[in-house]
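Counting the sequence shown from 1 gives a position; the numbering used here is that position plus 1.
Here's the structure we're looking at; comments come further down.
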Amino acid sequence: MSNHLKQVGRWTLSLVFGAWLLLGSAGAAERPQVVILATGGTIAGQQKKPGEAGYTAGQLAVDAILAAVPELHTVAQVSGEQIASIGSQDMNDQVWLRLLRRINELVNDQAVGGVVVTHGTDTIEETAFFLDLTVARNKPVVLVGAMRPATAAGADGPLNLLNAVRIAAAPESRGRGVLVALNEEIHSAREVTKTNTTEVQTFRSPNAGPVGLFTAGHLRYVRAPLGGGRPHFVLGGRADLPLVEIVYAHANMQAGLVEASARLGARGLVLAGVGNGNMSRGAMDALAALAKQGTVVVRSSRVGSGWVSRNVEVDDDTLGFVASQDLNPQKARILLQLALTQTSDPARVQAVFDPANR
Ligand code: SIN
Numbered sequence: 002m003s004n005h006l007k008q009v010g011r012w013t014l015s016l017v018f019g020a021w022l023l024l025g026s027a028g029a030a031e032r033p034q035v036v037i038l039a040t041g042g043t044i045a046g047q048q049k050k051p052g053e054a055g056y057t058a059g060q061l062a063v064d065a066i067l068a069a070v071p072e073l074h075t076v077a078q079v080s081g082e083q084i085a086s087i088g089s090q091d092m093n094d095q096v097w098l099r100l101l102r103r104i105n106e107l108v109n110d111q112a113v114g115g116v117v118v119t120h121g122t123d124t125i126e127e128t129a130f131f132l133d134l135t136v137a138r139n140k141p142v143v144l145v146g147a148m149r150p151a152t153a154a155g156a157d158g159p160l161n162l163l164n165a166v167r168i169a170a171a172p173e174s175r176g177r178g179v180l181v182a183l184n185e186e187i188h189s190a191r192e193v194t195k196t197n198t199t200e201v202q203t204f205r206s207p208n209a210g211p212v213g214l215f216t217a218g219h220l221r222y223v224r225a226p227l228g229g230g231r232p233h234f235v236l237g238g239r240a241d242l243p244l245v246e247i248v249y250a251h252a253n254m255q256a257g258l259v260e261a262s263a264r265l266g267a268r269g270l271v272l273a274g275v276g277n278g279n280m281s282r283g284a285m286d287a288l289a290a291l292a293k294q295g296t297v298v299v300r301s302s303r304v305g306s307g308w309v310s311r312n313v314e315v316d317d318d319t320l321g322f323v324a325s326q327d328l329n330p331q332k333a334r335i336l337l338q339l340a341l342t343q344t345s346d347p348a349r350v351q352a353v354f355d356p357a358n359r
């Protein structure tokens, strides 16, 4: 090859390389920034021995979780931060408040397009709902977990995480409230619940179904979350939240646990009632006595779907109770905690729970 041809070849190569660099950096600038906040859970879980069922949640650091899914970088400019390394059975008000403060900083940062939170599945619906009620609005905040540990054959975490980042990066995810993404489905924080102890398809929104799904990698929203405007609470620098306990109704229910919860200092009680939020006569008398003394009593249901409405089987007006509407006991507990930061008047608490206020 002549020197001239070699020179032309070198120029051509440099031009192609320069163009690739330019396009590459322009592409990076176009990809939104998505910050991944890790809290632990099975998505960060490790088995002692591959192939065995036993594992410990919350073992892998965020960098290891991100490194397992290189495709993330084709969707967004991702970075990770470790907020906690716990199984979500140990999630508590203090971690929630820390997470909330960091998310509010991020959603108020113009450079950030969205936030993903990795979380254990056992209480993911609770953290999602807490954030839905408290995060400064509009930018996508997506919670994601996995049913199989990161080291398992067929781990579901990598695809779930990729989908969560796709959701957080998508402009059409704005204004939909906090979302939960697992197994190619997207659920609204208010509606979603865990329905199976071990299956990968465990998350469902029993009253209305998912708000969106992935088909062949494409994000599709199929409906808006139930209700209109949702209540919103500004918590500022609070260091804790009011104590609210849940009591579980069953055949032969006694009043003892109701009275014990009040002695523990609970400012509110949620009944996981039978059927339409019902309870034994003894428990009802004990709850009515507490309501008279100023403890706020919310009737929810252990059934798993449907609404608990006022004054149907139980005379809420006379007994001073609040009906949870579509909220299951664990979510009613959170809304009551937040409502109690503003009022302990049952009528005002009921207004926060009522559909007209959503
Ligand atoms: C947990 O909730 O931390 C353990 C279970 C899970 O993530 O699936």
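All C-beta atoms in this analysis are idealised placements derived from N, C-alpha and C, irrespective of residue type, glycine included.
From a predicted model like this one, the values you see are computed outputs, not experimental measurements.
The beta strand (DSSP E) enclosing residue i, as first and last residue numbers
{"i": "Gly81", "result": "78-87"}
{"i": "Glu200", "result": "It is not in any beta strand (DSSP E) - Glu200 carries neither H nor E in the DSSP assignment."}
{"i": "Val113", "result": "113-119"}
{"i": "Leu360", "result": "Not covered by the structure: residue 360. The range shown for the chain is 2 to 359."}
{"i": "Ile37", "result": "34-41"}
{"i": "Ala182", "result": "180-183"}
Coil, strand or helix - residue i by DSSP
{"i": "Gln8", "result": "Note that Gln8 scores a pLDDT of 44, beneath 50, so its modelled location is shaky; the value from the coordinates is reported in the next line. Reduced to three states, the DSSP call for Gln8 is helix."}
{"i": "His219", "result": "strand"}
{"i": "Ser206", "result": "coil"}
{"i": "Val353", "result": "helix"}
{"i": "Glu246", "result": "strand"}
{"i": "Glu192", "result": "coil"}
{"i": "Ser302", "result": "strand"}
{"i": "Glu173", "result": "helix"}
{"i": "Trp21", "result": "Caution applies to Trp21, whose pLDDT of 37 falls short of 50 and renders its modelled position unreliable; the value that the coordinates give is listed next. If DSSP states are grouped into helix, strand and coil, Trp21 belongs with the helices."}
{"i": "Ala324", "result": "strand"}
{"i": "Val309", "result": "strand"}
{"i": "Asn279", "result": "strand"}
{"i": "Gln90", "result": "helix"}
{"i": "Glu186", "result": "strand"}
{"i": "Thr57", "result": "strand"}
{"i": "Gln343", "result": "coil"}
Endpoints, alpha helix (DSSP H) assigned at residue i
{"i": "Phe215", "result": "Premise fails: Phe215 lies in the beta strand (DSSP E), 213-216, not in any alpha helix (DSSP H)."}
{"i": "Glu260", "result": "257-264"}
{"i": "Gly158", "result": "158-170"}
{"i": "Leu67", "result": "63-68"}
{"i": "Leu272", "result": "Per DSSP, Leu272 belongs to no alpha helix (DSSP H); it is in the beta strand (DSSP E), 269-274."}
{"i": "Pro232", "result": "No alpha helix (DSSP H) holds Pro232; DSSP gives it neither H nor E."}
{"i": "Arg99", "result": "94-108"}
{"i": "Asp133", "result": "125-135"}
Beta-carbon proximity list for residue i, same chain, < 7 Å, skipping 5 on both sides
{"i": "Val166", "result": "Val35, Leu73, Val76, Ala77, Val79, Val117"}
{"i": "Phe215", "result": "Asn164, Glu185"}
{"i": "Trp97", "result": "Thr128, Phe131"}
{"i": "Asp64", "result": "Gly81"}
{"i": "Pro207", "result": "Thr194, Gly305, Ser306"}
{"i": "Asn333", "result": "It is Ala, not Asn, that sits at residue 333 in the sequence shown. Hits under 7 Å: Val271, Val299, Ser301, Ser325."}
{"i": "Leu183", "result": "Val145, Gly146, Asn161, Phe204"}
{"i": "Gly155", "result": "Arg149"}
{"i": "Asn105", "result": "Val136, Ala137"}
{"i": "Glu53", "result": "none"}
Cut-off 6 Å between Cβ atoms - residues of its own chain near residue i, not counting five sequence neighbours on either side
{"i": "Gln48", "result": "Tyr56, Pro150, Thr152"}
{"i": "Asp327", "result": "Asn208, Trp308"}
Contact set for residue i: own chain, Cβ-Cβ below 8 Å, skip 5 residues either direction
{"i": "Asn109", "result": "Ala137"}
{"i": "Ala292", "result": "Val298, Leu320, Gly321, Phe322, Pro347"}
{"i": "His188", "result": "Leu180, Val181, Ala182, Phe204, Arg205, Ser206, Pro211, Val212"}
Residue i at chain D interface by Cβ criterion, 8 Å
{"i": "Ser86", "result": "Chain labels in this structure do not include chain D; a single protein chain is all it has."}
Residue i Cβ short of 7 Å to the ligand SAM heavy atom set
{"i": "Ser89", "result": "No copy of the ligand SAM occurs in the structure displayed; its ligands are the ligand SIN alone."}
| field | Cβ pair count under 8 Å reaching 3, the segment 172-181 against the segment 123-143 | value | yes
| Counting Cβ pairs closer than 8 Å, one from the segment 110-117 and one from the segment 67-75, do we hit at least three? | no
| query | Quick check: the segment 339-353 against the segment 284-291, are there 3 or more CB pairs under 8 Å? | reply | no
| Counting Cβ pairs, one atom from each stretch, are 3 or more of them under 8 Å apart for the segment 249-268 and the segment 232-240? | no
| Cβ contact check for the segment 309-316 and the segment 217-226: 3 or more pairs under 8 Å | no
| request: Report yes or no: do three or more beta-carbon pairs, one from the segment 240-249 and one from the segment 336-345, lie closer than 8 Å? | output: Flag = yes, the segment 240-249 and the segment 336-345 touch.
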